[in-house]
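Report on one structure; see the data block that follows.
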Amino acid sequence: MFRRTTIPVILAVCVVLSAWGYDQGQEKNADSKPSNPHGRIYPPRVYTTVRLTAPPPVIDGRLSDAAWQEGEWAADYKQQMPTEGAKPSQPTEMKILYDERNLYVAIRAYDNPALIHRYGAHRDKVEDSGDIVGVCFDSYNDKQTGFEFDLSAGGGKTDLVLRNDGWDTTWDAVWYGKTALEENCWTAEFQIPLNQLRFSAQDEQVWGLHAWRWIDRNQEEDQWQLIPRQSTGRMYNLGELHGIRGLKRFRHIELLPHVVGKVTSNPREPGNPYRAGLDDSVSVGLDAKVGLTSNFTLDATVNPDFGQVEADPSVMNLTTYETFYTEKRPFFLEGKNIMQFDLNEGWGSGGDKLFYSRRIGRAPTYSPPLRDREFMRFPEMTSILDAVKITGKTDGGLSIGILQSMTSRETADLTFENREREANVEPYTNYFLSRVQKDWDKGNTSLGGMLTSTHRWISDSELDFLPSDAVTGGVSFDRYFGDRTYVLSSKAIFSQVSGSREAIQNLQTNGVHYFQRPDATHLGVDQSATSLSGHGGRLHFGRTEKSRWRFSDSFGWSSPGLELNDLGYLRQSDLLTNSAEAGYHESEPKSVFRSFSLSLQRIDIWDSGGLKTDGMTGFNSQATFKNKWHASVEINRAEKAVVTRLLRGGPALAGDRFWCWNAHVSSDPSRRVS
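Numbers 493 to 1166, taken from the working numbering, label the letters of the sequence shown in order.
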């Protein structure tokens, strides 16, 4: 009885809460807040910059240069956290200037120097950075994407791409910033080259503008343009930057040739010619960036070297699921926000996407069998011969991304009884993708699509286990309505993979599919098949973060034959997923709380044969107290279901009902020792 009634009960609660919350919100806001389009609560502030006439300031954190005598200071920041709209505990002011090449930003954060938290920090490490100031520019002015630059009081730099649904700190721009300490404040000075931003060709620019400050000891955030904490998207609520005029259109070109020499020390191994102590190699390559227009960029690389990129963490993976690694290579990070087509919500496996850039230049997939006393030197990664990418957004709101890359044939060197031979371990491979998305109504409506293809030149029988061709594609539609109170979004995708009978059989029996499961009567391995096709989709409807009372419901599916792992990422196919959630979120201080939330979740997952693989009802509560302590409680009840992956292609195992819970308490994070 509990299983059958849970989802209807949650949906009924959602409807009641939605209606009640809507009436309460209308009554509360009728006199205090005007009705504004696109969900804006606070009227937009405007800052008008001026063109610099004095020599550019020296970026040393001190604001004594003659340049800072020009223009106007903007103050009157408002507190966003903990009390939205309250007067900040400390005043802040900023100034923005520009010339034909750069933006210059100065921020003066008033405070007692003895109380300022000035901690050293690595780049893009916002946590534990102490006091911070930052500025963000929506240079497209599309209400979708902003480019943010932050400095901590200790001099730590952070740059990120800001979106309505989150942010991405993997974007690294070339800019300059320093901080300094004065008698009654700390100061921050920025120089941001215009070629690091993307903007229209209009003679007079209007950009979105956001400036903020974090006072660590108070766990307080102050903002120049106040963005509601209960908001469907921060980019819709930015202020405006006016006054940028007459920027000359120039083609930005960066060329970075590189010569890399490597010497590797290996422990000697008797009889192994590849473990003789030292290994050396030399490679030559070129990286290029060309600004095609002010809002489109071409990135190209020939024989790139990623040796200086941060290494992946060590992971011991004992599951059937492939480990997902984040992208850290600069070439693939440029325009990353445009190239995304994620399928996270409602799929049950999480993280699935049509484009997973780590596929390009991955480790070779074939490992030759070795005889006794046979030695092998195996390439660590597949060489990228070349890669070209074009990304940008038109003045009319059309985002475009195109990527093409060719990877090399890779061979392993083998030696047996002083006889040497080579074995092909990876074929020549070409990758291609195109991505488009059109926004209307200042981003309240969007329609997009992506198409990817992978082609391998397979000439050796040892590599017949690899698919020769793979094509995937998808379309997406998103619509906000009711003054951005509600959202409807949908996605549909397909895949078509072809290759030898061995390759398709391997796909059918790998951990993503497991067609050979003896109790999966709706599945079966077709040993004569030379292609595999599939489809999937997702439909989501919900009441957004603009409301205290929220709900959402998502339904997603992936057919048994869906396969994305040639250029995308898919943990598991053959899923039907329904997830529902309802809850209350309070961001204003009340009683002993700075903020708190309560939510009820329900998720059910089946395969397409009707076998239930997961069912869970959960309750979650979180609270931050006025003394800055935090506590959370989570309680879950799992239903009786089956596990189809544990025996790796064998029969499903029955899972029992169980309860689980966890509780967490943390002290004031603003204290270094707490």
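Glycine included, each C-beta is placed from N, C-alpha and C at the ideal position.
All figures in this text were calculated on a predicted structure; none of them were measured in a lab.
Burial state of residue i (16 or more Cβ within 10 Å)
i	result
P605	exposed
H702	buried
M808	exposed
L689	buried
N1057	buried
G763	exposed
R1149	exposed
L595	buried
L607	exposed
F1043	buried
C677	buried
S849	buried
V979	buried
N633	buried
G577	exposed
W1041	buried
Alpha-carbon spacing of residue i relative to residue j, whole angstroms
i	j	result
L747	G783	12 Å
A984	L925	17 Å
E866	T907	6 Å
I830	L1138	37 Å
T1109	T977	26 Å
P549	P1081	42 Å
R821	V1084	46 Å
D1018	T1001	10 Å
P1161	G622	10 Å
Y611	K1038	34 Å
F824	I950	26 Å
D905	C628	51 Å
G725	V1135	38 Å
D1066	G1141	14 Å
G517	V794	Since pLDDT at G517 reaches only 38, below the 50 mark, its modelled position is unreliable, and no value is offered.
V597	L673	17 Å
M898	Y923	6 Å
I719	D630	14 Å
E814	L862	25 Å
L1145	S1100	17 Å
T637	G735	20 Å
L999	H1005	7 Å
L835	T545	50 Å
K617	D651	10 Å
Residue(s) in a DSSP beta bridge with residue i
i	result
Y972	V979
G637	Before going further, note that residue 637 is Thr rather than Gly in the sequence given. R655.
A601	T584 and W678
A792	A780 and V880
I1097	T1069 and D1106
H734	T540
T921	T899 and R948
A559	Answer by DSSP bridge pairing: none, since A559 is not bridged.
T1013	Partner(s): none; T1013 has no beta bridge.
M942	R927 and G966
L890	K930
G1026	S987
Residue i versus the options, residue with shortest Cα-Cα distance
i	options	result
E912	P856, M868 and G893	M868
Q1202	A1074, P1081, Y858 and Q688	What is shown of the chain runs 493 to 1166, which leaves residue 1202 out entirely.
S757	P765, G763, H750 and G769	G769
F1047	A1072, L555 and Y972	A1072
P1010	K1132, P1143 and G658	P1143
D552	G577, F629 and T679	T679
R655	V755, S723 and D956	S723
N803	Y813, T793 and T818	Reading off the sequence shown, one finds Ala at residue 803, where the question assumed Asn. Checked all of Y813, T793 and T818; the closest Cα to A803 is T818.
K635	Y728, P749 and K1118	Y728
I745	A1133, R850 and T785	T785
P749	D779, D772 and Q715	D779
S891	T857, R927 and V917	R927
G974	Q572, Q997, G1034 and E918	G1034
Residue i: CB within 6 Å of a non-hydrogen atom of the ligand MG
i	result
P805	This structure lacks the ligand MG; in fact it carries no ligand of any kind.
Integer-rounded CB distance, given that residue j should sit under 8 Å from residue i
i	j	result
G884	D931	Rounded, the Cβ-Cβ distance is 14 Å, inconsistent with contact.
W667	F691	Actually they are not in contact, since the Cβ atoms of W667 and F691 sit about 16 Å apart, beyond 8 Å.
G843	T874	Their Cβ separation, rounded to whole angstroms, is 23 Å, which puts G843 and T874 out of contact at 8 Å.
A915	P871	11 Å between Cβ atoms; not a contact.
I876	L733	Not really, about 39 Å apart at Cβ, beyond 8 Å.
R993	T937	Their Cβ separation, rounded to whole angstroms, is 46 Å, which puts R993 and T937 out of contact at 8 Å.
M942	F833	4 Å
T1054	H1014	The question names Thr, but residue 1054 in the sequence shown is Leu. Going by Cβ atoms, the distance from L1054 to H1014 rounds to 14 Å, so no, they are not a contact pair.
W1153	E1126	6 Å
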